[in-house]
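Here is the structure we will look at.
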Ligand code: SF4
């Protein structure tokens, strides 16, 4: 049914695919799983340059993740953001005792592994004939089949229909590469696309799918309390879902009386923007989980916004007493 497109896609992949990506040069399910999780919210370049290899050096096997504390895993994830991914990875490593199951159903039942990720592990590690449906592939399929609505059920049906069952590994890698190199969100390069002959959406790719109006993200304004005591800084270990387990400064809606401004930072999360004004305060009534020197803080996993506070010019060096 899609013979012509399949042939063109595989030829293109042979010549132009990103064969040198390290997670394409292994069939170790853990390394493939790790790359899939890291790449969920982060670009290939960032993962390659800063995170994938250091993480594997510290945690060469899934068993080593299971044996580590969550703090250690979060520390290696620091800067990559979306820390729920690291927590789920740690949880999954522990739950499956360091060995990932081999079926998509069992994989999909593990925390943080959705259907597409489960399929990706099975295709790339075990060569199962399954389609993958990540964000890039969804866009390619929407355009290829001229689907103006990004409907999950329909996309899975099209992904199954379009799958090259004899070459699922190459087919899926090619679709992912087309999505990130050619059929990009803006200005797709249709004239270089191996699917252009049979693509139904190539005359108006921007219509597939139709863009939804983006909701404006709300801004939250809060205070960060830099509690200083005998040369050490008071920190809390976060409990909220988004940053659970990370260390940072106390955040509050109100200021204690002795507070003195240190400057402001902003950080944009997926659902809101945070404007945080940092205040130094001496109050020992502010509850913290521990006091740490700068050197000790270096060893803790901190969220990005708390790192920004630490980097404020007024926070450099040892903070002098206010009086
Ligand atoms: S022909 Fe154009 S719109 Fe169609 S899949 Fe290729 S890049 Fe995307």
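Numbering (the working numbering), first residue to last: 1047 to 1369. Virtual Cβ for every residue (Gly too), placed ideally from N, Cα, C. Predicted, not measured: the structure shown is a model, and the values here were computed from it.
- Beta-bridge analysis with DSSP links residue 1337 to 1280.
- Within the same chain, Cβ atoms closer than 7 Å to the Cβ of residue 1184 are found at 1196 and 1201, the five residues on either side in sequence being excluded.
- The continuous stretches of alpha helix (DSSP H) do not include residue 1244, and DSSP gives it neither H nor E.
- At a cut-off of 7 Å, the beta-carbon of residue 1242 counts as near the ligand SF4: some heavy atom of the ligand is closer than that.
- Less than 8 Å separates the beta-carbon of residue 1054 from that of residue 1240.
- Restricted to the stretch 1188–1243, the alpha helix (DSSP H) segments that are unbroken, complete and at least 4 residues in length are 1198–1208 and 1214–1223, listed in chain order.
- Out of 1344, 1074 and 1279, the CA that lies nearest to the CA of residue 1148 is found in 1074.
- A Cβ-Cβ distance of about 5 Å is found for the pair residue 1291 and residue 1116, placing them in contact under the 8 Å criterion.
- Here residue 1299 is exposed: its Cβ has fewer than 16 other Cβ atoms, across all protein chains shown, within 10 Å.
- Inter-residue distance for residue 1358 and residue 1321 is about 14 Å (C-alpha atoms, whole angstroms).
- Residue 1271 holds the alpha-carbon nearest to the alpha-carbon of residue 1332 among 1350, 1213 and 1271.
- Burial is judged here by how many other beta carbons sit within 10 angstroms of a residue's own beta carbon; residue 1228 has at least 16 and is buried.
- Apart from sequence neighbours up to five positions away, the residues of its chain that approach residue 1192 with a beta-carbon distance below 7 Å are 1246, 1247 and 1254, ordered along the chain.
- For residue 1186, the shortest C-beta to heavy atom distance toward the ligand SF4 is below 7 Å.
- Under the three-state reduction of DSSP output, residue 1087 falls in the coil class, being neither helix nor strand.
- Residue burial is scored here from C-beta neighbours: residue 1204 has at least 16 other C-beta atoms within 10 angstroms and is therefore classed as buried.
- For the ligand SF4, a non-hydrogen atom lies closer than 7 Å to the CB of residue 1189.
- For residue 1312, the enclosing beta strand (DSSP E) starts and ends at 1306–1314.
- Less than 8 Å divides the Cβ of residue 1112 from the Cβ of residue 1143.
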